[in-house]
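In order, the protein sequences belong to chains Y and G. So in this note's numbering, spot 99 of the first sequence is number 101, and the numbers just go up one at a time. So in this note's numbering, spot 194 of the second sequence is number 964, and the numbers just go up one at a time.
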Amino acid sequence: MPADTRLLDDESRALVDMVRDFASQEAAPAAAGYEASGEDPIELYRKLAELDLTGVPFPEEYGGAGASYLTYLLVVEELAAAYLALAIGLSVHTLCAFAIHTFGTDAQRKELLAPLARGEMLGAYALSEPEAGSDAGSLATRAERRGDSYVLNGRKVFCTRGADADLLLVMARTGGPGPRGISSFVVSKGSQGLVGERKEDKLGWRSSPTWMLGLTDLVVPESRRLGEEGDGFRIAMASLDSGRLGIAACAVGLAQAALDAAIAFTTEREQFGAPVAHQEGVRFMLADMATQIEAARRLYRHGAALRDAGHPYTLQAAQAKLFATDVAMRVTTDAVQLHGGYGYITEYPVERYMREAKGLQIVEGTNQIQRYVIGRALTEGA
Amino acid sequence: MNIVVCVKYIPDPNVPNEMDGKTLKREGVQGVLDPGDEYGVEAALQLKEQHGGEVTAVSMGPEGAIEAVRRALSMGADRGVLITDPALHGADALVTATVLAAAIARNPFDVVIAAVESTDGYTGTMPMTMAELLGVPQLTFVNEIVSSGDAFRVHRQTPEGYHVIECPTPLVLTVTAGINEPRYASFKGIMAAKKKPTETLSLADIGLTPEDVTVQQDVVDLHEVEESRETELVRGDDAVARIVDYLAEAKVI
């Protein structure tokens, strides 16, 4: 049972139908192969660009499709159900494009956002460092002012796409310690001093490359600074608010795929003379899985609706990310269980789904950080 | 080049069909653009890309059939026409051809493209009847359009191979599945479709009366297709060769 589209407007339903066609015919059949080889599915990103799916929520004047953020998330959910790493790649790309759209000057939007939105370029995001993960405000990468430029030195970790990204949003310290001393910069691929030091080997999402990056005397012109000096942490956090809804949509898509696989398997698989889905114990598991997924879906769509209406949504984005990714972990684990031995072997996709769900609980703020954000919003205001 | 493509809104073929007496149940059933028609739309769009002009998608059906027209528009067609009228309920192939021909004949055209047959009715007679009513030649079972302009040169698929046929415009063309790879509607295409002109016409609008669309075909009885489940096991050293021969004979390879 794919997501219910009956209440969507005609245009959104047509979009979801199109993405489902593309996802089922081209993305899903390729997913297992790419995940096994670890190869980045660049060809599929190119197709996303042809279908106008690389800039869904950005204005048409900057190469986007001019649709709502909710519409964009419908796309992410459908892609994630077919091929999670591809949806993650699109989500990270959009995170970078969002920062340029929201905090960039008009000139920066024309130069940098437009090629991202058209999918001619892919964007990425570099915040985490070896010693600064959840405590991102303590990051150590320096950006020294030198004339009309900055010179960046430091190291970034867990950077999706890394040095292969066409544009990389890098947070670095221009001032004193703490969040207020941080600025953000947009760095182009191939810049002197930007080096992919190590491509990480991972539990899942193997075809979404994760890099450790070295920044050595990397010169960035002032025109590539986003916002004012000292705005960097605010930009980074606002981008994550937005990105977290994307991760929540990824989690819902992944969980839906796991549920669909579990329903298909348990209605086919016969034991004791009947499909195992006839067992009440199995049905109750499926019922819980489906109900949790639908609740998670409503949570991210609520956050997106608030965002589209111009309301604050930090709290709701954190709730959606926390809940949806925990649901994905539980549902994918149960999907493996419902497949029995077949769930534990690579012939069926559910073991991959279970490995993939783990990453969603960690990225763009661990689920412990989400609770911190939610708790702070409840007790101190957002 | 003025290109017309016939599109049909059919019950989703991925959902088991339900009958409503002796006609297919259509109300309350999720519908789609006939997958066979996507090849026709793609062929029309390719002709437009080569020769310029305009692609008009034409459909007959209940009001919901505008969805099929819109799908063609989102793929890139320029305008849409839907003929819908209560008198058309239960229309047979002759009535459909009469209605489409009347609607199409209102404007000059160079080529009308249709699928070889629909994926719900499968009569496979509508396009030829329509060509006759329009008074233009027909090129059927086309799996390759070699060149075109004032005249078309096409490959007409036959059981043995293909015929190469040339024909001056205007004409009616039926295309096979596999003539091309239909494009996806892009998101901008989907959004643009909303703003493209569509006309919804009644029988009177195309100059027909209910008498003109009297159904003359009578479906006497319906039978389920009997599934054949004959299985032949191929064993032995020459098994591979025999399977290859079998597949070649079935024209799969």
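Note that the Cβ used here is the ideal one computed from N, Cα and C, for glycine as well.
### Message
If the criterion is Cβ atoms closer than 9 Å, does the pair residue 851/G and residue 969/G meet it?
### Response
yes
### Message
Just to confirm the assignment: which complete alpha helix (DSSP H) runs, minimum length 4, are found wholly within the stretch 93 to 129 of chain Y?
### Response
116 to 119
#### Entry: Interface positions of the stretch 40 to 62 of chain Y facing chain G (Cβ-Cβ less than 7 Å), listed along the chain
52, 53, 54, 55 and 58
#### Entry: Endpoints, the beta strand (DSSP E) within which residue 775/G is located
772 to 776
### Task
Please name the residue in 88/Y, 102/Y and 78/Y whose C-alpha comes closest to that of residue 60/Y.
102/Y
### Task
Flag this pair as yes or no: are the beta carbons of residue 845/G and residue 815/G separated by less than 9 Å?
yes
### Query
Along chain G, in chain order, which residues have C-beta atoms closer than 8 Å to that of residue 23/Y?
954
### Task
Answer yes or no: does any C-beta atom of chain Y fall closer than 9 Å to that of residue 844/G?
yes
### Where residue 41/Y sits in the DSSP three-state scheme
coil
### Query
Nearest-angstrom Cα distance between residue 170/Y and residue 357/Y?
27 Å
### Task
Please name the residue or residues paired with residue 360/Y in a DSSP beta bridge.
Answer is none; residue 360/Y lacks a bridge partner.
### Task
Please classify residue 179/Y: is it buried, with 16 or more other beta-carbons within 10 angstroms of its beta-carbon, or exposed?
exposed
### Reduced DSSP secondary structure (H/G/I, E/B, other) of residue 243/Y
helix
### 7 Å Cβ cut-off: residues of chain Y touching residue 960/G
13, 16, 17 and 20
### Message
Nearest by alpha-carbon distance to residue 234/Y: which of 74/Y, 95/Y, 315/Y and 176/Y is it?
### Response
176/Y
### Query
Taking just the CA atoms, how far does residue 873/G sit from residue 914/G?
27 Å
### Cutoff 6 Å; reference residue 152/Y; Cβ partners in own chain excluding five residues on either side
145 and 222
### Query
Hey, out of 372/Y, 297/Y and 259/Y, whose CA is closest to residue 337/Y's CA?
259/Y
### Query
Quick one, which residues of the stretch 62 to 86 of chain Y are near chain G if we go by CB-CB under 9 Å, in chain order?
62, 67, 68, 69, 73 and 77
### Query
Is residue 838/G near residue 779/G, with beta carbons less than 9 Å apart?
yes
### Query
To the nearest angstrom, how far is it from the Cα of residue 884/G to the Cα of residue 191/Y?
49 Å
#### Entry: Every unbroken alpha helix (DSSP H) within the stretch 845 to 882 of chain G, with a cutoff of 4 residues, ordered by chain
863 to 874
### Members of the stretch 961 to 990 of chain G that neighbour chain Y once the beta carbon cut-off is set at 9 Å
961, 963 and 964
### Task
Identify every residue that forms a DSSP beta bridge with residue 155/Y.
144/Y
### Query
Between residue 54/Y and residue 124/Y, is the Cβ-Cβ spacing less than 9 Å?
no
### Query
Which of the three DSSP states, helix, strand or coil, is assigned to residue 907/G?
coil
### Task
Check residue 913/G in the structure and name its three-state DSSP category.
strand
### Query
Can the beta-carbon of residue 889/G be found closer than 9 Å to that of residue 806/G?
yes
### Message
Can you give me the C-alpha to C-alpha distance between residue 219/Y and residue 174/Y, rounded to a whole angstrom?
### Response
13 Å
### Query
Quick one: is residue 999/G near chain Y, going by C-beta distance under 9 Å?
no
#### Entry: Backbone CA spacing between residue 984/G and residue 911/G [nearest angstrom]
29 Å
### Task
Leaving out five residues on either side along the sequence, give the residues of the same chain with a beta carbon under 6 Å from the beta carbon of residue 799/G.
781
### Message
Taking the alpha-carbon of residue 804/G as reference, which of 937/G, 840/G and 820/G has the nearest alpha-carbon?
### Response
840/G
### Query
Under the rule that 16 or more other beta-carbon atoms within 10 Å means buried, what is residue 329/Y, buried or exposed?
buried
### Message
For a quick check, are the C-beta atoms of residue 43/Y and residue 87/Y less than 9 Å apart?
### Response
yes
### Rounded C-alpha distance that separates residue 1013/G from residue 270/Y
29 Å
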